[in-house]
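Q: Chains H and G, in that order, give the protein sequences.
Sequential numbering from 0 applies to the first sequence in numbering that gives the first Met the number 0.
Sequential numbering from 0 applies to the second sequence in numbering that gives the first Met the number 0.
Each residue gets a CB set at the ideal place from its N, CA and C atoms; glycine is no exception.
2 protein chains.
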Amino acid sequence: MVRAASLKEVKACPVQFVLAVNDTMNVISGKWKLPIIGSLLFNKKRFTEIQRNIQGITPRMLSKELKELELNGIVTRTVYDSQPVTIEYELTPSARTLSEVLDKMVEWGVRHRKQIVVSSR
Amino acid sequence: MVRAASLKEVKACPVQFVLAVNDTMNVISGKWKLPIIGSLLFNKKRFTEIQRNIQGITPRMLSKELKELELNGIVTRTVYDSQPVTIEYELTPSARTLSEVLDKMVEWGVRHRKQIVVSSR
DNA sequence: TTAACCGGTATACAAAAGTATAGCACTATA
DNA sequence: TATAGTGCTATACTTTTGTATACCGGTTAA
C-alpha cells in the first residue's frame, strides 16, 4: 500500500501535481458536465427541466453525464414516490466546494480572455 | 459590440459562468497539455527534453500541443541562433497565474480522491 | 381512448482526439 | 563517410466522444 502524499508533496512533484489536477479535470470533462452543473447551481431540477434548460443536449447525453456526475459524488439523484414518481437531481456538498475551484477558473478565464483580446488588436 | 461582463455578473449567470470556465478548461484540455505544463513548471526545456520527460508522448502530439499552448499564451518558443540552432520552451507569466488555479484544482482533487476512497470501503 | 408528458434506453452513425510509423533537413561527432 | 541527435512534419489509422433518431413503459388529462 502506498501512503497518500501530502498536499505539499503533491504540489512539489510535477507528476503527482498533474495526476491530482487530472482527477479534478476528469470530474468536469465532457461537453455537457459544466452546463449541467451550471443548471443545478441555484436549484435542484428534474430530468426534463435540465434538458429544457440546456439547449442542444439529447436525453442520451444527459442521462450518461448525470450518471457519471452521480458516480463522482457531484450530483444526487432522489426518487420521490409520489404519483407518478418524480426524480430530482441536486448538487452535493462536494459540488459546492468544487464550485470554489470553478470560481477561480472563471476569474482566470475572464482575465485571460481580456489579455487575448488586448494582445490581438 | 457587446460590453464585457464584470466578474460578479459572470458568476451570477450560469451561462456566462460556464463559458468562462470553459475558456480556462480549453487551455488545459487534451491528454498532454498538463504534463507539458508540469514538465516546464520548474525549468524551461527543449523539445526533446520535454519528450524524454513525458513518457508515451509522440513528437506529433508534443508539437501540436506546444503550438496550441503558444497560441493561448501559456508557453513561449524561443529560437537561439547558436550553431546549431536551439529552441527553448518556457512558461509565460499567464501560465504562472494559471498554476494558482491548478493549485486549487490539486487541493480539491486530493480531497475528493480521499473522499471517494473513504466512501468506497 | 387517444394523446401527451415523464424519465429514460437502444442502435447506428459522425466527428474529434489520439497513435503508430516513417521520414526530412540540418548539424555534430567518431 | 557513416552514425546519431535535434526539431520537427506527413500519412494512415484506431479510439473516444458526441449526435440522430426511434422507441419504451408508466401516468395523467382531454
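With a floor of 4 residues, list each alpha helix (DSSP H) that falls wholly inside the segment 7-61 of chain G, ordered by position along the chain.
A: List check, alpha helix (DSSP H) in window: 13-27, 32-39 and 46-52.
Q: If you measure beta-carbon to beta-carbon, which residues of the segment 67-80 of chain G are closer than 9 Å to chain H?
A: Asn71 and Gly72
Q: List the residues of chain H whose Cβ lies closer than 9 Å to the Cβ of Leu97 (chain G), in chain order.
A: Your numbering for residue 97 (chain G) matches position 98 in the second sequence. By Cβ distance, chain H contributes Trp107 and His111.
Q: Can you tell me which of G:Ser38, G:Ala3 and G:Thr47 puts its alpha carbon nearest to the alpha carbon of Thr85 (chain G)?
A: The residue you call residue 85 (chain G) lines up with position 86 of the second sequence. Of G:Ser38, G:Ala3 and G:Thr47, the residue nearest in Cα terms is G:Thr47.
Q: Looking at the ligand GTP, does it come within less than 6 Å of Lys103 (chain G), judged from the CB to the closest heavy atom?
A: Ligands in the displayed structure: none, and consequently the ligand GTP is not present.
Q: In chain order, what residues of the same chain have a beta carbon less than 6 Å from the beta carbon of Thr77 (chain G), not counting five sequence neighbours either side?
A: What you label residue 77 (chain G) is simply residue 78 of the second sequence in a count that begins at 1. Correct list, in chain order: Glu87.
Q: Buried or exposed: which applies to Ser62 (chain G), given that a residue is buried once 16 or more other Cβ atoms fall within 10 Å of its Cβ?
A: In the second sequence, the residue the question calls residue 62 (chain G) occupies position 63. It counts as exposed.
Q: Taking only beta-carbon positions, decide if Val84 (chain G) is within less than 7 Å of chain H.
A: Taking the second sequence and counting its residues from 1, one reaches residue 84 (chain G) at position 85. Not closer than 7 Å to any Cβ of chain H, the Cβ of Val84 (chain G) fails to qualify, so no.
Q: Beta strand (DSSP E) containing Val78 (chain H): first to last residue?
A: Position 79 of the first sequence, counted from the first residue, corresponds to residue 78 (chain H). Val74 to Tyr79 is the extent of the beta strand (DSSP E) around Val78 (chain H).
Q: Just to confirm my understanding: we take Glu89 (chain G), look at its own chain, exclude 5 residues before and 5 after, and list those with CB closer than 6 Å. What are they?
A: Within the second sequence, numbered from 1, the residue matching residue 89 (chain G) stands at position 90. Hits under 6 Å: Lys43 and Thr75.
Q: Quick one: grab the DSSP three-state call for Thr96 (chain G).
A: Numbered from 1 along the second sequence, position 97 holds the residue referred to as residue 96 (chain G). Annotated three-state conformation of Thr96 (chain G) is helix, per DSSP.
Q: Should Leu70 (chain G) go down as buried or exposed, given a rule of 16 or more other Cβ atoms within 10 Å for buried?
A: Walking along the second sequence from the start, residue 70 (chain G) turns up at place 71. Looking at its Cβ environment, which holds fewer than 16 other Cβ atoms inside 10 Å, Leu70 (chain G) is exposed.
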